[in-house]
Amino acid sequence: MPDKPKLAFYWCASCGGCEESVVDLAEDILFVVDNVDIIFWPVAMDFKKSDVEKYADGEIVASLINGAIRTSEQQEMVQLLRRKSKVVIAHGACAQYGGIPGLANEFQKEEILKWVYEESPSIINEEKVRPQLKYKVNGSEVFLPELWNVVRPLDKVIDVDYYIPGCPPSPKLLKEAVLVLLSGNLPPKGTVLAPDIALCDECPRKDTKPTDLAFTEFLRPNLHIIDPEKCILSQGFVCMGPATRSGCGALCVNGNMPCTGCYGPTSRVKDQGAKILSSIASNVSAKTEKEIDAVLNGIPDPVGTFYRYSLAGSILRKKVNI
Amino acid sequence: MSSTNGKIKIGFYICHCGTNIAGIIDVQKVVDYAATLPNVVVSKHYKYMCSDPGQEMIQKDIKDNELNRVVVAACSPLLHERTFRNATSQAGLNQFYFQMVNTREQNAWVHLDPEASTDKAMDLVRSAVNRVAFHKPLEKKTVPIKPDVLVVGGGIAGIHASLTLANAGKKVYLVERDPTIGGHMAMFDKTFPTLDCAACILTPKMSAVKNHPNITMWTYSEVVSVDGYVGNFQVKVKRKPRYIIDDLCVGCLDCIEACVYKEPRFFDEFNQGLSKRKPVYMPFPQATPQLVVIDPETCIWFKTGKCKQTCVEVCDRKAVDLNQQPTYKEIEVGTIIVATGFQPFDAKKVYYYGYGTYPNVYTALEVERLINASGPTSGEVVMRDGSRPKSIAIVHCVGSRDKNTNLWCSRVCCLYSLKLAHLLKEHTHANIYNFYIDIRTPGKMMDEFYTRISEEGVKFIRGRVADIYPDTNDEEHRRLIVKAEDTLISEIIKVPVDMVVLSTGLVPRDDAQDVRRMLNISCSTEGFFIERHPKLAPVNTFTDGIFLAGCCQGPKDIPDTVAQAGAAAAEALALIDLGYIELEPNTAFIVEEECSGCKSCVPLCPYTAISYDEVKKKASINEALCKGCGTCVASCPSGSIKQNLFEDEEIYSEIDGILNYKMEEALC
Amino acid sequence: MLKIEIEEAASKQWQPKIVAFFCNWCTYTAADLAGVSRIKHAPNIRVIRVMCSGRVDPQFILDSFAKGADGVLIGGCHPGDCHYQEGNYKFLRRFQMLRRVVDSLGIEKDRLRLEWISASEGDKVRIVVNDMVAKIKALGPLGLPVKYKEWANEMNVLESEIAGKEEVYA
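Chains as they are written, first to last, in numbering that gives the first Met the number 0: chain A, 0 to 321; chain X, 0 to 667; chain Y, 0 to 169.
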């Protein structure tokens, strides 16, 4: 029996949700396992770096890498996987745009460490001990990966061939991606393996959205009840659907929550946050600066709202003065 | 194009514009630099790119070098973009394969440092070279022009424009706010420099308007809204209630006689308050139309609801209708001529001249009425206190050329002051003193007129009047002292006079801003409507199909006003007779397969050009309604709307060019 | 050289670059008028003409910053005067929102400016441009492309380390 195509999974700065999406293939995973050889998947099976190093360059058919790149270890591993793989797929929102971990780009590394190891209410650390990058024990030196200053999407570190969007990607998209890989009939490099149309296209509440939208206030889902029938944006809750790729089947809206934009923008858009901001703000009804500001105050954290998944991959990438 | 094998070949040209551009920008350096830019195969400079040889050079290069894009760095695209697009298209290229760099107005003319100017030019050339590669072949769209014309304002400008158009067989709607047409000219006694009687020239034109089969004259009416665009404006006109039924009134004036007010007692607008009128009145004897009007502000019936209504009773034609309501007319026109005129400067604003305080201080317009044979005093110069002046001061530049009021020269005041000096001399034989800053008498026969008046014994004192106050030596406290520095002898002089005439300047009408907004045209800083270009398009506005005539555009005399009105009419006729206008193809369109149907764009369009298709579940743009602002494009959250001539890629490429951004930098 | 001379020399070397988006009908025309009136002003702006400030996509502004603009200026018609009725209001709303984002992401307020300049206000072009240039000169360069390069350097350290290790292994 000829060798089955080799597939690698790896995770970087991520929550593990993308790995779950693999498991969420349910019985389809049997099909995957039948057709490919998973040669590296640290979250699920015991592999070492050296297992990857032993392959010839390009021997692995595809690596699906999820998570943003934040540490020297992640950088090292993805550079290694890049060398060994024919195709690298950014798997999920964090690998594609930095995802939730990318929001750390609003802060300095020091601010984050200080908070995590000293100031966070759940921390007891009177000596203010921090992890050491190098530590000598019994005459030998042990290393910890270094935290970089910037959270990066995968394609700012290595060349990426395809993207599977989502936080996490839907099993359907993942399955389609694997099928495409196995078919050998590969789409053009850089393709995002999801429909290139915004979420409203498949939103069950599309018909309830009015054509005369004019915002007089913005509401937050933690403070107000969302009408389960009507277009969520038209109720004044920021829904990123109009600026976000479809492909998830409007999962959040079906759970009566607004879309937060995890599938990223369409191919025509460089900066998802700027585009939804442009659309939503243009439809505010107020006309004077003061009145406009009063309405916009309903969105107290615009970066966290409009760039929830895409900050690290956005045009500005991070807070620029730190 | 096939011969170029899809390769982009750009010809770049920079214009010296004599020394306008080349005097500060190193054109050779720009040319050498442009030659190094991607896709540039020809890079040249020339003394005058807009000249025939300049344009021919481009055309020859297009043919010889198989150019398929052209970039010209010269003046503003607002000036010559059309010229170079034409040159491009005459050589067989699509005219939109052209991009212009503003190297004169926004560069050479505003900067002093040659190096910085040259750098800026190179940045913008790079930007244009980048951009033009993305240009697509487009066709101009045309819209038909409705042949009917709206003329706003029934002064001499509006009258002349209306008659010109009507005589050419076009249907004209002339809308005048006042009860009669005629405007300011109807108030004048004589006109300079010929001293012919204003009414004698104007009245026949007024009645020609009234009787012209092609003119619909709506007096006592106001334009309340204008929608649409060139070729197809929808205009709503409010016809204020005159309380007189137009068709029934024959102008017999019996109602005025019958009014319960036996004596006239209200401010007579036409005579500047120098006489009184009744609540029901005829503005002046030659008013056109010859219809009386009832002023609800002064009529006791409207004020108290109690009156014997003798006016109603006396009219055997039942023409008086005190229950009349405003009516609204909706018309569709293809072009609009704005001739809303001016208002005189409010002389009270220069408080130290005492207008409104000293009865014998008059404005020029009041004096026009005072010396008019049909005026309040039948042409006798009898002052408010009943006396006749033996000495008169005419104060020039009141509300003109004064940093405390208005900076501009009102152009007509010197000449009308000379005219009034002559007429007052003729009527009163008084000593007349003209206090002037400069005497400005350009124009045909104007300086001759000045010479003539100065030879009539009118005195001229060069000095701005500093103060006017009562002469304490005059027991009756009537005489006024005019204090000024005679700058020719450098001495403060005090001249006692019986009468002062203030030559007030011309200012924009109070509601000019409202009119401007309604018509979507612009004002210059001082508030007069701004023309598209002072020399190339002096009666056009920035809004296609709307033209300017007369003093609403700036102070001018009657001959210039009439000439301008004729020009405005000719511009309207040019559009009407061609039958269509070409518009920039900068409309937006939605790429159907990309549109998610989120409907966010639909409410953004002020022209309702975007609609949502309930069957396809997508939005689409009606190209005929789209005006090409691009607001929906910038707002489309999924980037599915594009604007011709202003596609995202085109603008990004300009940004890249300006900042000399290289794609490899993106890899960091 | 005196310190002040050095500073002056340094400031002469660096000139801020401002990307401007001017609407065709008001501000672009005003900038032309400034030219016709020979109203001199700082040579630091590079104008991109759009039909209406409503066309200005916040992406263009961010992109300009990211590609090296030290400032971005948007010029439109005064409120109520938009050639397209309300495009300027729509931009104003976006601008008010974008300003919060740009501020949160550490770009100084003075680097992003919206001005209403009518076709007749040639002198206002001078005032606004000179003022903006002066303020940005005081702030110094934004220099995002340089920053991005510097940030990327942290990854080069590792690459050279790996290279070093691999040499040792070899």
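Even glycine gets a Cβ: it sits at the ideal position worked out from N, Cα and C.
{"Query": "So, helix, strand or coil for X:Asn611, using DSSP?", "Result": "Before going further, note that residue 611 of chain X is Tyr rather than Asn in the sequence given. It is a strand residue."}
{"Query": "Ordered along the chain, which non-local residues of its own chain (more than five positions away) have a Cβ less than 7 Å from that of A:Gly235?", "Result": "Phe214, Glu216, Phe217, Leu218"}
{"Query": "Is it right to say X:Pro136 is buried, meaning 16 or more other beta carbons lie within 10 angstroms of its own, or is it exposed?", "Result": "exposed"}
{"Query": "In this structure, what does DSSP give as the bridge partners for X:Met99?", "Result": "X:Val71"}
{"Query": "Beta-carbon within less than 6 Å of A:Ile37's beta-carbon, same chain only, minus the 5 sequence neighbours each way: which residues are those?", "Result": "Leu6"}
{"Query": "Secondary structure at Y:Val167, three-state DSSP: helix, strand or coil?", "Result": "Since pLDDT at Y:Val167 reaches only 47, below the 50 mark, its modelled position is unreliable, and no value is offered."}
{"Query": "Which residues of chain D have a Cβ atom closer than 8 Å to the Cβ of X:Leu603, listed in chain order?", "Result": "As a matter of chain content, chain D is missing from the structure shown, whose protein chains are A, X and Y."}
{"Query": "List the endpoints of the continuous alpha helix (DSSP H) containing A:Cys258.", "Result": "Unbroken run through A:Cys258: none, as it is neither H nor E."}
{"Query": "Per DSSP, X:Met216 forms a beta bridge with which residues?", "Result": "X:Leu173"}
{"Query": "On the three-state DSSP scale, how would you describe X:Tyr350?", "Result": "helix"}
{"Query": "Determine the direct distance from the alpha carbon of X:Glu484 to that of X:Thr450, and round the result to whole angstroms.", "Result": "23 Å"}
{"Query": "On the three-state DSSP scale, how would you describe Y:Met0?", "Result": "Here Y:Met0 scores only 44 on pLDDT, less than 50, and its place in the model should not be relied on; the value that follows carries that caveat. Reduced to three states, the DSSP call for Y:Met0 is coil."}
{"Query": "Closer than 7 Å between beta carbons: that is the criterion. Which residues of the region 50 to 63 of chain Y meet it against chain X?", "Result": "Met50, Cys51, Gly53, Arg54, Val55, Asp56, Phe59, Asp62, Ser63"}
{"Query": "Taking the beta strand (DSSP E) that A:Asp36 falls in, what are its first and last residues?", "Result": "36 to 39"}
{"Query": "So, helix, strand or coil for X:Met498, using DSSP?", "Result": "strand"}
{"Query": "Please state whether DSSP places A:Tyr54 in a helix, a strand or coil.", "Result": "coil"}
{"Query": "Rounding to the nearest angstrom, what Cα-Cα distance links X:Val397 and X:Phe344 in this structure?", "Result": "8 Å"}
{"Query": "Is it the case that the Cβ atoms of X:Val174 and X:Val208 are separated by a distance below 8 Å?", "Result": "no"}
{"Query": "Just to confirm the assignment: which complete alpha helix (DSSP H) runs, minimum length 4, are found wholly within the region 633 to 658 of chain X?", "Result": "647 to 657"}
{"Query": "Between the C-alpha atoms of X:Gly378 and X:Arg516, what's the straight-line distance to the nearest angstrom?", "Result": "42 Å"}
{"Query": "Give me the DSSP bridge partner(s) of X:Gln233.", "Result": "X:Asp226, X:Glu331"}
{"Query": "Under the rule that 16 or more other beta-carbon atoms within 10 Å means buried, what is X:Tyr579, buried or exposed?", "Result": "exposed"}
{"Query": "Which residues does DSSP list as the beta-bridge partners of X:Ile293?", "Result": "X:Val279"}
{"Query": "With 16 other CB atoms within 10 Å as the buried threshold, where does X:Ile650 fall?", "Result": "buried"}
{"Query": "Using 8 Å as the limit for Cβ to Cβ distance, is Y:Gln95 near chain X?", "Result": "no"}
{"Query": "Which runs of the alpha helix (DSSP H) fall wholly inside the region 353 to 420 of chain X and span at least 4 residues, in chain order?", "Result": "363 to 369"}
{"Query": "With H, G and I counted as helix, E and B as strand and the rest as coil, what does DSSP make of Y:Trp202?", "Result": "Residue coverage of chain Y in this structure runs from 0 to 169, which leaves residue 202 of chain Y outside it and unanswerable."}
{"Query": "What are the complete beta strand (DSSP E) segments, minimum 3 residues, inside the region 232 to 261 of chain X?", "Result": "none"}
{"Query": "I'd like to know whether the C-beta of A:Lys208 is nearer than 8 Å to at least one C-beta of chain X.", "Result": "yes"}
{"Query": "For a contact meaning CB atoms closer than 9 Å, what does Y:Glu114 contact in chain A?", "Result": "Ordered by position in chain A, no residue passes the 9 Å Cβ test against Y:Glu114, which lies about 13 Å from the chain."}
{"Query": "With a threshold of 6 Å on Cβ separation, who are the neighbours of X:Thr560 within its own chain once the five nearest residues in sequence on each side are excluded?", "Result": "Ile155, Ala156, Gly549"}
{"Query": "Would you verify that the beta carbon of X:Ser619 is, or is not, closer than 8 Å to some beta carbon of chain A?", "Result": "no"}
{"Query": "Looking at C-beta atoms only, is the number of pairs between the region 110 to 125 of chain A and the region 76 to 83 of chain A that lie closer than 8 Å three or more?", "Result": "no"}
{"Query": "When you compare only the Cα positions, how much space is there between X:Asp401 and X:Trp407?", "Result": "8 Å"}
{"Query": "Are A:Thr243 and A:Gly263 closer than 8 Å when you measure CB to CB?", "Result": "yes"}
{"Query": "Can you confirm whether X:Trp108, when its beta carbon is compared against all beta carbons of chain Y, has any partner nearer than 8 Å?", "Result": "yes"}
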